[in-house]
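Novice: When we follow our numbering, the leftmost residue of the sequence shown carries the number 3, and every step to the right adds one. Yeah, the Cβ is synthetic: ideal placement off N, Cα and C, and Gly gets one too. The structure follows.
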Amino acid sequence: CMTAAKTLAEEGIEVEILDLRTLAPYDWNSIEESVKRNHKVLIAHEESLSWGYGAELAARIQDELFDYLDAPVRRVGAMDCFVAYAPELEEVILPQPENVAQAARDLALY
Numbered sequence: 003c004m005t006a007a008k009t010l011a012e013e014g015i016e017v018e019i020l021d022l023r024t025l026a027p028y029d030w031n032s033i034e035e036s037v038k039r040n041h042k043v044l045i046a047h048e049e050s051l052s053w054g055y056g057a058e059l060a061a062r063i064q065d066e067l068f069d070y071l072d073a074p075v076r077r078v079g080a081m082d083c084f085v086a087y088a089p090e091l092e093e094v095i096l097p098q099p100e101n102v103a104q105a106a107r108d109l110a111l112y
């Protein structure tokens, strides 16, 4: 995400990265403050895009903070497939900085 943020900054797109250090419990107060401040959310994670933790966070944000959003919550995650054992294959299914940057560009235009 930091690589994508640097690329976006060079393009004039300002982003805030909120790194959730734990998933249970997660820092809902920081998420809420960030949504109220920025009005757009992009969730990037290495888990499968469908049925993962990112989907659950997106659902809660949409549910509880909808009035603060200027766009639908966007997600970037791993491809919906089995996780490869070989490291060189694992990189193929994981989201890359360019995937995150493109999703942020699309969200900025919303």
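#1: In this structure, how does DSSP classify R107 when only helix, strand and coil are distinguished?
#2: Specify, as a first and last residue, the run of the beta strand (DSSP E) that A80 falls within.
#3: For L44, which beta-bridge partners are listed by DSSP?
#4: Out of curiosity, what's the CA-to-CA distance linking I15 and R107?
#5: For A26 versus P99, is the C-beta spacing smaller than 7 angstroms?
Specialist: Well, looking at it:
#1: helix
#2: R76 to A80
#3: R76
#4: 8 angstroms
#5: no
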